[in-house]
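Here's the structure we're looking at; comments come further down.
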Amino acid sequence: KNEVEQSPQNLTAQEGEFITINCSYSVGISALHWLQQHPGGGIVSLFMLSSGKKKHGRLIATINIQEKHSSLHITASHPRDSAVYICAVRPRQGGSEKLVFGKGTKLTVNP
Amino acid sequence: SAVISQKPSRDICQRGTSLTIQCQVDSQVTMMFWYRQQPGQSLTLIATANQGSEATYESGFVIDKFPISRPNLTFSTLTVSNMSPEDSSIYLCSARLKLNYGYTFGSGTRLTVV
Numbered sequence: 004k005n006e007v008e009q010s011p012q013n014l015t016a017q018e019g020e021f022i023t024i025n026c027s028y029s030v031g032i033s034a035l036h037w038l039q040q041h042p043g044g045g046i047v048s049l050f051m052l053s054s055g056k057k058k059h060g061r062l063i064a065t066i067n068i069q070e071k072h073s074s075l076h077i078t079a080s081h082p083r084d085s086a087v088y089i090c091a092v093r094p095r096q097g098g099s100e101k102l103v104f105g106k107g108t109k110l111t112v113n114p
Numbered sequence: 019s020a021v022i023s024q025k026p027s028r029d030i031c032q033r034g035t036s037l038t039i040q041c042q043v044d045s046q047v048t049m050m051f052w053y054r055q056q057p058g059q060s061l062t063l064i065a066t067a068n069q070g071s072e073a074t075y076e077s078g079f080v081i082d083k084f085p086i087s088r089p090n091l092t093f094s095t096l097t098v099s100n101m102s103p104e105d106s107s108i109y110l111c112s113a114r115l116k117l118n119y120g121y122t123f124g125s126g127t128r129l130t131v132v
C-alpha cells in the first residue's frame with residue numbers, strides 16, 4: 004500500500020465547477036505539498052502545509068493532521084486548470100528531507 | 019520564487035548511448051534531488067545529490083547507471099548511461115530552498131530511447 008493515496012485518479016469537470024481532490028497518508032509528517040504537473044512534465048509547487056488552510060487565488064488547500072488527510076479545492080474551474088495534481092509528504096521520521104509522492108489526480112476541465 | 023533551469027527538455031536517444039541532464043537553481047538551496055517518473059507512475063527518487071561528494075542512491079539505483087555530479091550548491095547533473103528502452107521516462111530535478119524550506123522542481127526531461 005502506498006504511503007500517500009489520492010482520490011480520484013481521474014476527474015472530468017465542466018468549466019466553472021467546484022473541484023475537490025483528496026489525499027490521505029499513513030505516516031507522521033513534517034509537511035504536505037500540493038504540486039501541479041503539466042503535460043510537458045514540469046512541476047509547479049502550489050502549497051506547502053503543516054496545519055490549517057491556505058488560499059491562493061482560486062486554489063484552497065486544507066489539512067487535518069489528526070485524520071492524516073488533506074484536500075485541494077479549485078473554485079470556478081477553468082480549462083487551463085487541466086493538469087495532474089500531486090500530493091507529496093515529507094515524513095517526520097528520521098528528519099528526512101525526501102518527499103513521498105502520491106500517484107496524482109488527472110484533472111480535465113472542459114469548456 | 020526560485021526557478022530551476024533544466025536541460026534538455028526532451029531527447030530521443032539510441033540504445034547504448036548516454037545522456038546528461040543539467041539543472042541550475044537561481045536561489046540558495048540546501049538539498050538537490052533527482053527523480054524518475056515512468057509512464058503512468060508517481061515520481062521515484064533516484065538519488066540525493068551531495069555537493070562535492072558522491073550522491074546518495076535509493077534502493078534499485080546505482081552510480082554506474084546514473085552518475086550524478088554536484089560541483090557547487092546550485093548546479094547538478096544526472097547522466098543516464100548505456101540506455102535501453104526501459105529508461106524512457108521523465109527525469110526531474112528538485113531542490114529544497116534555504117529561504118522557506120519549500121521545494122522547487124525543474125521542468126523535466128522527457129527521454130525516449132529507441
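Quick note, the sequences are listed as chains S and R, same order. The numbering used here puts the first sequence at residues 4 to 114. The numbering used here puts the second sequence at residues 19 to 132. Glycine included, every Cβ here is placed at the ideal spot set by N, Cα and C.
- Residues of chain S whose Cβ lies closer than 7 Å to the Cβ of R/Arg33 do not exist, since the nearest Cβ in that chain is about 22 Å away.
- Secondary structure of R/Pro89 (DSSP, three-state): strand.
- Counting every other CB atom within 10 Å of its CB across the protein chains shown gives S/Ile46 a total of 16 or more, marking it as buried.
- By the criterion of at least three beta-carbon pairs nearer than 8 Å, the stretch 27-36 of chain S is in contact with the stretch 84-94 of chain S.
- For R/Phe51, the enclosing beta strand (DSSP E) begins and ends at Val47 to Gln55.
- Using a CB distance cut-off of 8 Å, R/Leu37 does not count as an interface residue toward chain S.
- Residue range Ile32 to Gln40 is occupied by the beta strand (DSSP E) that includes S/Leu38.
- R/Tyr121 reaches chain S at His36, Ser48 and Leu102, counting residues in chain order whose Cβ is nearer than 7 Å.
- If you check the CB distance, R/Leu110 and R/Gly120 do not come in under 8 Å.
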